[in-house]
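K.L.:
Everything in the sequence shown is counted per the numbering used here, starting at 42 for the first residue and increasing by one. Heads up, the beta-carbon is just placed ideally off N, CA and C, and yes, glycines get one too. One structure coming up, written as C-alpha cells, with questions to follow.
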Amino acid sequence: MHHQQGGVFQTLKDVMRAKGMTYKALAVLMDVSEPTVKRIFQDQDCKLSRLLTICQLLDIDVETLLEMSERQLPAIEPISEKAEKALANDRTLVYLFMLLVSDVPLSEVQRTSGFSDAEVYQYLRQLEQIGLLRVGVENRITFLVEKPIKWRLDGPLHPILVAVNQAFVEKAVENHNKDHTPFYSASRMMSEQSREELDHAFKELYALFHKLASLDKVMLPKEQLKPYKLLATLAPFDALHYFRHSSK
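In C-alpha cells form, the structure reads like this:
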C-alpha cells in the first residue's frame, strides 16, 4: 500500500492528481507562471489568499483539505545517498545546507559565519551541482528536495547527526533547568505490549508535530514562526552500560 506524505501541500498534490490537474493547467487558471506554481508546492509556502484560490480552483474547501491532511502520517523520503556522501565530504557545506533547510535566512547565515559573497556563491553552486537546490537571481534559493529533510541515521552523515543531536539534548537539559523547557527522561521495566502502545503514541505525536508546522506555515506570517526540533526515542536501556564504573 502506498503511504503518502502528510501535510497540506501533499494533500493538494493528491487532489490535483485525482482530478487530472497539472501544474501548468493550474498556473493558467491562477494567471501565474508554471514555475510559480511549482515553487509554491516545492517550498510548501504561500499566502492564505493564494491557498484559498487553489482550493477554489480544485473545488475543495479548506476544512476538507485540513481534515484530509490530519488523516495522513508524514512519510518523508530521505535525500539520495549520493547527495549525502557529497555533503559528508565537506563539513561546511553540510552545515550550510542544514541551516538553509531550517529556514535560516541566507543573509543571517552569511553574517554569523563570516562567509564572503564569493564563498556563499561557491557553496550554493556546489549544492546545486549535487541536486539539492537551484540558485536564481540574487542567490534566490529553490529547493529541489522535499522539506523537512530526513537524514539516514546510518548514512555518511552519521557522525555529524550524532554530534548535532547530542548538542541539542545538552542544550535542552540546560534550558529545562533554567526556564523549565519541556524535557522528559525516564527508564522503567515494561512489557512488549506496553512498548508497542508507546511507539504508536510517539508516531501520533510525530504526525501532529508535522501537521501543526504545515498549518502554521500556511496560515501565519513567517515573522511569527521560529524553528523547533522534536527528538524522541524509545529503546531498551542497559543501565550497566551507561552507568559503568570506570576504575583507574
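1. Measuring straight from C-alpha to C-alpha, what distance separates residue 254 and residue 68?
2. Quick check on this structure: which residue in 280, 131 and 100 has the alpha carbon closest to the alpha carbon of residue 61?
3. Once the 5 residues before and after residue 264 are set aside, which same chain residues still bring their CB inside 7 Å of it?
4. Would you identify the three-state DSSP class for residue 156, choosing helix, strand or coil?
5. Alpha carbon to alpha carbon, how far is residue 152 from residue 285?
6. Distance, Cα to Cα, residue 233 vs residue 210?
7. Does the distance from the C-beta atom of residue 53 to that of residue 95 stay below 8 Å?
8. Could you have a look at residue 182 and say whether DSSP puts it in helix, strand or coil?
9. Return the CA-CA distance between residue 191 and residue 231, expressed in angstroms with no decimal places.
10. For residue 87, which residues of its own chain have a beta-carbon under 6 Å away from its beta-carbon, when the five flanking residues on both sides are left out?
11. Does the separation of the CB atoms of residue 102 and residue 268 fall below 8 Å?
12. Mind pulling the alpha helix (DSSP H) runs of 4 or more residues that sit fully within the stretch 98 to 143?
13. Considering only DSSP beta bridges, list what residue 174 is partnered with.
14. Count the other CB atoms, across all protein chains shown, that sit within 10 Å of the CB of residue 228; report buried if there are 16 or more and exposed otherwise.
15. Going by C-alpha to C-alpha distance, which of 222, 243 and 92 sits closest to residue 292?
16. On the CB-based measure, 16 or more other CB atoms within 10 Å of its CB, does residue 279 come out buried or exposed?
17. State the CB to CB distance for the pair residue 197 and residue 244, rounded to an integer number of angstroms; the pair is presumed to be in contact (CB under 8 Å).
18. Measure the beta-carbon distance from residue 124 to residue 201 and round it to whole angstroms, keeping in mind my assumption that it falls under 8 Å.
19. With H, G and I counted as helix, E and B as strand and the rest as coil, what does DSSP make of residue 49?
20. Check residue 249 in the structure and name its three-state DSSP category.
21. Compute the beta-carbon to beta-carbon distance between residue 184 and residue 257, rounded to the nearest angstrom, for a pair I have assumed lies under 8 Å.
22. Leaving aside the five residues before and after residue 175 along the sequence, list all residues of the same chain whose C-beta is less than 7 Å from its C-beta, in chain order.
23. Could you round the C-beta distance between residue 150 and residue 165 to whole angstroms and report it? I think they count as a contact, below 8 Å.
P.N.:
Looking at the atomic coordinates:
1. 26 Å
2. Answer by Cα proximity: 100.
3. none
4. coil
5. 44 Å
6. Roughly 27 Å separates the two Cα atoms.
7. yes
8. strand
9. Roughly 30 Å between the two C-alpha positions.
10. 81
11. no
12. 103 to 111, 122 to 129 and 132 to 142
13. 184
14. So residue 228 counts as exposed.
15. Because the chain spans 42 through 289 in this model, residue 292 falls outside it and cannot be assessed.
16. exposed
17. Between residue 244 and residue 197 the Cβ distance is about 27 Å, and since that is not below 8 Å, they are no contact.
18. Approximately 14 Å separates the beta-carbon atoms of residue 124 and residue 201; this is outside 8 Å, ruling out the contact.
19. helix
20. Residue 249: helix per DSSP, three-state reduction.
21. About 19 Å; that fails the 8 Å criterion.
22. 169, 183 and 185
23. The pair is not a contact, with the Cβ atoms about 11 Å apart (cut-off 8 Å).
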